[in-house]
Amino acid sequence: MSGFRMRLLVEFREIFEKSEEKSLKEFLDGISRSTILNVGAFFLGFSNNESKYDDYREFLSMFFGKENEKFANEVFKKCQALEKRTSRQLLIVNPISSLRLFEFAFENIEDKDTQTEAEAEVNLFKAYLLINQQSTESDKHAGESTANVEHGIQVPALTLTMSFSYADIINYDISEVLVTQLIKAIYLLEFLSEHEKGKIILKGLLDQFECPSWQEYLKSFMPLAMAVANQEREAHIDIDVTHDDSYEKSCSFIDRLIVIDNESIKDYDFKIIRAKPLYKLSEGKYRIIYPLFVIEKIFKGLYFFLSAINNALPATARISEFKSFIGDEFSEKVLLYRTLNYIFSGKYLTKTGEEMKELGIDAEPDYYARRSDNIILFEAKDVLIRADLKLSKDFAIYETEFKKKFYFDERNGRVHKKAILQLISHIKVVLTDHFPFDKDYHYRSVHIYPVLVVFDRTFNVAGLHQLLNKWFSNELNQLKDEGLFINRVKPLVLVDIDTLIFHQDLFKQKIMSLEDLIDEYVKLMSIAPLQKFKSQRHAEDRVEQTLLPFSVFVHRYVGEKKIRKVPEIFLEFGYKLA
1383 MSGFRMRLLV EFREIFEKSE EKSLKEFLDG ISRSTILNVG AFFLGFSNNE SKYDDYREFL
1443 SMFFGKENEK FANEVFKKCQ ALEKRTSRQL LIVNPISSLR LFEFAFENIE DKDTQTEAEA
1503 EVNLFKAYLL INQQSTESDK HAGESTANVE HGIQVPALTL TMSFSYADII NYDISEVLVT
1563 QLIKAIYLLE FLSEHEKGKI ILKGLLDQFE CPSWQEYLKS FMPLAMAVAN QEREAHIDID
1623 VTHDDSYEKS CSFIDRLIVI DNESIKDYDF KIIRAKPLYK LSEGKYRIIY PLFVIEKIFK
1683 GLYFFLSAIN NALPATARIS EFKSFIGDEF SEKVLLYRTL NYIFSGKYLT KTGEEMKELG
1743 IDAEPDYYAR RSDNIILFEA KDVLIRADLK LSKDFAIYET EFKKKFYFDE RNGRVHKKAI
1803 LQLISHIKVV LTDHFPFDKD YHYRSVHIYP VLVVFDRTFN VAGLHQLLNK WFSNELNQLK
1863 DEGLFINRVK PLVLVDIDTL IFHQDLFKQK IMSLEDLIDE YVKLMSIAPL QKFKSQRHAE
1923 DRVEQTLLPF SVFVHRYVGE KKIRKVPEIF LEFGYKLA
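Numbering-wise (our numbering), the sequence shown opens with residue 1383 and increments by one.
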């Protein structure tokens, strides 16, 4: 998972004069399309976890040839001056600009060379910095949209607004994404194979990809996934299909995942490249555009395949409200229950939402776990935010959407409670009547941990914790006004299901506990009013720590303790597919 510190993107205006600025087309015309696509894919092959090319010195040394040595030295000096002036670490290459470069060249540039190699290096570099500049200009709106936000959450609001659009593309650990994508895909395919209408959709998927079973479907992804997982150097990743008995079948499978010449690929949130994350170099040879998008095809992309197949079915065979069906029947009752049952079985008293319903409990939490004086209350929400809204970089839009997804939604004059209000209701029960299946505690002794589980990494974004807890604290204080003892209620924590899945064995084996992690996280989130700092940089680092998403905190914690391990179930599933 990449470092959390927000680096300063190097823009065109910081290195070159205004008079040198041209359009992207003008910079790139005369450089062959294939060359630019190669450069885009090369940059997208850089590690997102402390790439050596994050250092502009390394990048400039690698990118420019001997003919441009003088030019590169001038750029280097200007970068040094910028770094000194701003006291910020600089960044030139980043996934967003690289994807935009790829998109632009794919649609707008012809495959002909009229520029020399030295000219192409300079103009590609200038074009890239221009794309960086266009990206940072949208951050101005983020600043304007948070100008009047109340003081207590202004910094989190600004950080959230600047980073939410693309946090999922930048902040991840590729090995963890691979492991959790495969586990979730197997759970989903097994679930569909046992569901009456799910079997029909599953058959449609297998027919579409000409696979005899879902196991064979997943096996077909493995060469792509392993090429990403075993990447040895920071560069583009090519797939050479082996000329054996399955050559044509393998090519046919990959051909369904490639962008096609003359196809329009520019779209909100890179949706086309997410759907088709490879391009064809020649017969049997393919290049990955962005490794993350290939890995996410295993599960995240699977949902979109299945949804399209379901929509094409006759009404009698179709699953109505497919997204809700997946959210309720799979995300909650399979993913959440199986993961939490595995984590908490043994020393915890547990109840799933379904088990509570069977006991006649209304408005139950999605999951309940207690060990000694620690009670963990879970609410799970399988939600997304529309791509055009996600890319708005407008805090008012984000606040409205997060409120509707996680706080309450007012429709037709009625208030529909979401996770925060639901958790407040559960806390009230714990502090007053108790749930009927668990009365063996005293309300003044228990520590209550409210946890919001989401099913997409999109919400692992800096600053969201503070916004959610602003609403949560307001509601919790109302319980206090009613005379309830809230002193041992912890702040709300948002965690994505992938974090729970990947670290499930560490929780299961009591190497770490969710409660202890939350306690450590809560400590990190607050700064003592009189705390002193060694320097301005030290103070900024400490503020940035308070904005960490819980998932990033856990990733760092596990890394620092050197206790990271692949879940055993992943290895078991590997044998299933072998």
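Backbone N, C-alpha and C fix where the C-beta goes; we use that ideal spot for every residue, glycine too.
Residue i bridges to which residues according to DSSP?
i	result
SER1443	DSSP output for SER1443 lists no bridge partner at all.
ALA1694	None; ALA1694 has no bridge partner.
TYR1825	Note: TYR1825 sits in no beta bridge, so no partner.
ASN1756	ARG1753 and HIS1829
LYS1763	VAL1836
LEU1390	LEU1472
TYR1668	ILE1621 and LYS1662
ASP1820	PHE1817
HIS1798	ASP1791
GLU1871	Note that residue 1871 corresponds to Val in the displayed sequence, not to Glu. According to DSSP, VAL1871 bridges with ILE1830.
VAL1812	None, per the DSSP bridge assignment.
THR1734	TYR1749
LEU1876	LEU1834
ILE1640	LEU1660
Nearest by alpha-carbon distance to residue i: which of the options is it?
i	options	result
GLU1954	PHE1681, TYR1789 and ILE1565	ILE1565
GLY1735	ASP1755, PHE1726 and LEU1759	LEU1759
LYS1658	VAL1875, ASP1901, GLN1927 and GLU1485	GLU1485
PRO1673	LEU1688, SER1689 and ILE1621	ILE1621
ASP1437	ILE1491, GLN1590, LEU1866 and LEU1390	LEU1390
VAL1871	TRP1853, ASN1756 and ARG1768	ASN1756
HIS1523	LYS1775, VAL1504, ASP1637 and LYS1821	LYS1775
GLU1399	TYR1435, LEU1512, LEU1717 and GLU1781	LEU1512
LYS1733	TYR1825, GLU1645, THR1541 and ASP1820	ASP1820
ILE1474	GLU1489, VAL1457 and MET1907	VAL1457
THR1840	ASP1651, PHE1867 and ASN1530	ASP1651
MET1608	ILE1670, GLY1795 and LEU1588	ILE1670
GLY1580	ALA1699, GLN1536, PRO1477 and ALA1549	ALA1699
SER1807	GLY1795, LYS1785 and ILE1830	ILE1830
GLU1630	GLY1865, SER1602 and LEU1481	SER1602
MET1894	PHE1573, ALA1745 and TYR1939	TYR1939
GLY1412	VAL1504, TYR1554 and GLU1592	VAL1504
PHE1445	VAL1828, ALA1500 and LYS1729	ALA1500
ILE1647	SER1520, GLN1613 and GLU1489	GLU1489
ARG1752	ARG1768, SER1727 and ALA1769	SER1727
LEU1663	GLY1795, ASP1637, ASN1530 and SER1827	ASP1637
GLY1586	ASN1514, TYR1685, VAL1561 and SER1527	TYR1685
SER1429	ASP1493, GLU1645 and ASN1476	ASN1476
LEU1571	SER1754, ILE1491, GLU1396 and PHE1712	PHE1712
ASN1842	GLY1666, ASN1431, CYS1593 and ILE1879	ILE1879
Check whether the Cβ atoms of residue i and residue j lie closer than 8 Å to each other.
i	j	result
SER1433	GLU1678	no
ASN1851	PRO1873	yes
PRO1538	LEU1929	yes
ILE1551	LEU1695	no
GLU1761	ASP1748	yes
SER1517	SER1479	yes
ASP1764	GLY1683	no
ILE1725	LYS1892	no
LYS1508	PHE1394	yes
LEU1717	TYR1569	yes
ALA1502	LEU1419	no
THR1496	GLY1845	no
ALA1423	HIS1618	yes
LYS1653	ALA1769	yes
PHE1932	HIS1847	yes
ASN1612	VAL1934	no
THR1543	GLN1536	no
PRO1949	VAL1561	yes
HIS1937	ASP1555	yes
GLU1396	LYS1460	yes
ALA1567	PHE1681	yes
Just to check my reading of the structure: residue i and residue j have Cβ atoms closer than 8 Å, yes? What is that Cβ distance to the nearest angstrom?
i	j	result
LYS1772	SER1547	6 Å
ASP1887	LYS1947	6 Å
ALA1778	PHE1788	So it is not a contact: roughly 16 Å between Cβ atoms.
VAL1877	VAL1835	6 Å
TYR1668	ILE1640	7 Å
ILE1883	THR1721	5 Å
GLU1781	LEU1849	7 Å
GLU1492	ARG1415	6 Å
PHE1784	ARG1826	Actually they do not touch by this definition, with Cβ atoms about 33 Å apart.
message: Report the start-end ranges of each alpha helix (DSSP H) in the segment 1396 to 1459 that is 4 residues or longer and not cut off at the edges.
response: 1406 to 1410, 1415 to 1426 and 1438 to 1445
query: Can you list, in chain order, the stretches of the alpha helix (DSSP H) that have 4 or more residues and sit fully within the segment 1530 to 1605?
result: 1536 to 1545, 1549 to 1552, 1556 to 1575 and 1578 to 1590
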